[in-house]
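> No gaps in the numbering here: position 233 of the sequence shown is 219 in the numbering used here, and each next residue is one more. The beta carbon of each residue, even a glycine, is placed where N, CA and C say it ideally should be. After the structure tokens below, expect a handful of questions from me.
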Amino acid sequence: LYLLTTLAIVSDFKHIEQTSSGIRSVVGLKNIAGTTLHTVLNSPSTLFWVLLTILGFVLFTDTHSKAHRWIMGSLHALAHILSAFTVALASIYFVLSIVSATSRSNTPPLKIGSLELNWVYQLTQGGHVFNFDLRVLLAVILILIGGYIVGSFIQGMYLLISLNVFGRHFNEAFSTIAAEDWKSFLKLKIDKDGDLTIYPIGIRRVPRKWKINDYQAGADIIPDRERDSSATEPALIEPPITLRRTTETATGVVDSKRL
């Protein structure tokens, strides 16, 4: 997302002065937002990609309210778009001002406009020859790393606020934790009369140590309680639920009874 957004915005970076001082003039939240908006409104391809990004985040928003979906989704998307542009500026400025200045290569440093426009032009036009430059590769790597860090932080803050303030995105918020513990499942039992009993079972902390089962009965591998004493036994989360089998009579079907 961050690299594609950077390619779309930077490809129409013509209104910024094509020197290293031009990029320094953009530094600052107000200037970054204004420059991004100017670029988006003056480029059909960039506008299409930005609108597609906003639509994706709007559809991602977990809510039953259309107004909340559009507001939160749009704000979430705009935060990522501004961050992508900021990460791109910082990465390219680092490559031009520091790497190019300290490089011992005989190749003269590329200007900011030349670097950005050639980079995007050659990547989007497959029929043209790509003049490989390590500084371009370094800029791409920095954008990917910066986008991973900044994008993950913004996504985490969004999920944190959505979960604790609005009570939404439970699955997305807890799946990002990748916690092994606090697992639950259902055990279903049907007796000889056809009645169904549902057992909600949970495990607070799953075993980390395992051993071979020396007994013939049971699973081949079982938890090693001696080496992992903190693992908890499975326990009922709530009382079992029993659904009686429906019986058919001369007058019709008798509804199942929940106990």
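Taking Val73 as the reference, which of Lys195, Lys173, Pro193, Gly137 has the closest Cα?
Cα-wise, what sits closest to Val73 is Gly137.
> Where does the unbroken alpha helix (DSSP H) through Ile67 begin, and where does it stop?
Ile67 -> alpha helix (DSSP H) spans 52 to 80.
> May I ask you to list the residues that DSSP assigns as paired with Pro209?
BP columns for Pro209 point to Trp196.
> Would you please state the rounded distance, in angstroms, between the beta carbons of Trp196 and Ile208? I believe it to be under 8 Å.
Contact holds; Cβ gap of about 7 Å.
> Go through its chain and collect everything with a Cβ distance to Pro193's Cβ below 6 Å, but skip five positions before and after it.
So the list reads Pro209, Asp214, Ala217, once near-sequence residues are dropped.
> Counting along the chain, where does the alpha helix (DSSP H) carrying Thr32 start and finish?
Segment 30 to 46, the alpha helix (DSSP H) holding Thr32.
> Where are the beta strand (DSSP E) runs, 3 residues long or more, that stay fully inside the segment 120 to 155, in chain order?
If we require 3 residues or more, the segment 120 to 155 turns out to have no beta strand (DSSP E) run fully inside it.
> At the level of alpha carbons, what is the spacing between Ile98 and Gly133?
Low confidence applies here, because Ile98 scores a pLDDT of 44, under 50, leaving its location unreliable and the question unanswered by this model.
> Per the contact definition of three or more C-beta pairs closer than 8 Å, is the segment 41 to 52 in contact with the segment 151 to 163?
The segment 151 to 163 vs the segment 41 to 52: in contact.
> Report the option in Asp177, Ile189, Gly153, Asp181 whose CA atom is closest to the CA atom of Asp167.
Minimum Cα distance to Asp167 is reached at Ile189.
> Can you tell me whether Pro226 sits near the ligand SAH, meaning its C-beta is under 8 Å from at least one heavy atom of the ligand?
This structure lacks the ligand SAH, and indeed carries no ligand of any kind.
> What residues in its chain sit with their C-beta under 6 Å from that of Asp206, if we drop five residues either side in the sequence?
Answer for Asp206: Asn199, listed in chain order.
> Does DSSP put Ser161 in a helix, a strand or coil?
In the structure shown, Ser161 sits in a helix (DSSP, three-state: H, G or I).
> Grouping DSSP H, G and I as helix and E and B as strand, with all else coil, what is Pro186?
Three-state result, Pro186: strand.
> Thinking just about the alpha-carbon of each residue, which of Ile227, Ala164, Gly204 is nearest to the one in Ile184?
For Ile184, the nearest C-alpha among the options comes from Ile227.
> Using alpha carbons as the reference points, say which of Leu37, Ile129, Phe152, Leu61 lies closest to Val81.
Of the candidates Leu37, Ile129, Phe152, Leu61, the one whose C-alpha sits nearest the C-alpha of Val81 is Ile129.
> Leaving out five residues before and five after Trp56 in sequence, what residues of the same chain have Cβ atoms less than 7 Å from its Cβ?
Closer than 7 Å at the Cβ level, and outside the excluded window around Trp56, lie Val44.
> Is it true that the CB of Ala63 sits closer than 9 Å to the CB of Thr39?
Contact: yes.
> Pull up the CB-CB distance for Gly180 and Arg231, whole angstroms please, since I reckon it's below 8 Å.
So it is a contact: roughly 3 Å between Cβ atoms.
> Go through its chain and collect everything with a Cβ distance to Ile223's Cβ below 8 Å, but skip five positions before and after it.
Correct list, in chain order: Ser170, Pro186, Ile187, Gly188.
> On the CB-based measure, 16 or more other CB atoms within 10 Å of its CB, does Ser51 come out buried or exposed?
Exposed: under 16 other Cβ atoms inside 10 Å.
> Spell out the partners DSSP gives Ala221 in its beta bridges.
Paired residue(s): Gly188.
> Reducing DSSP to helix, strand and coil, say where Ser170 ends up.
It is a strand residue.
> Can the beta-carbon of Ala125 be found less than 9 Å from the beta-carbon of Ser69?
Going by C-beta atoms, Ala125 is not nearer than 9 Å to Ser69.
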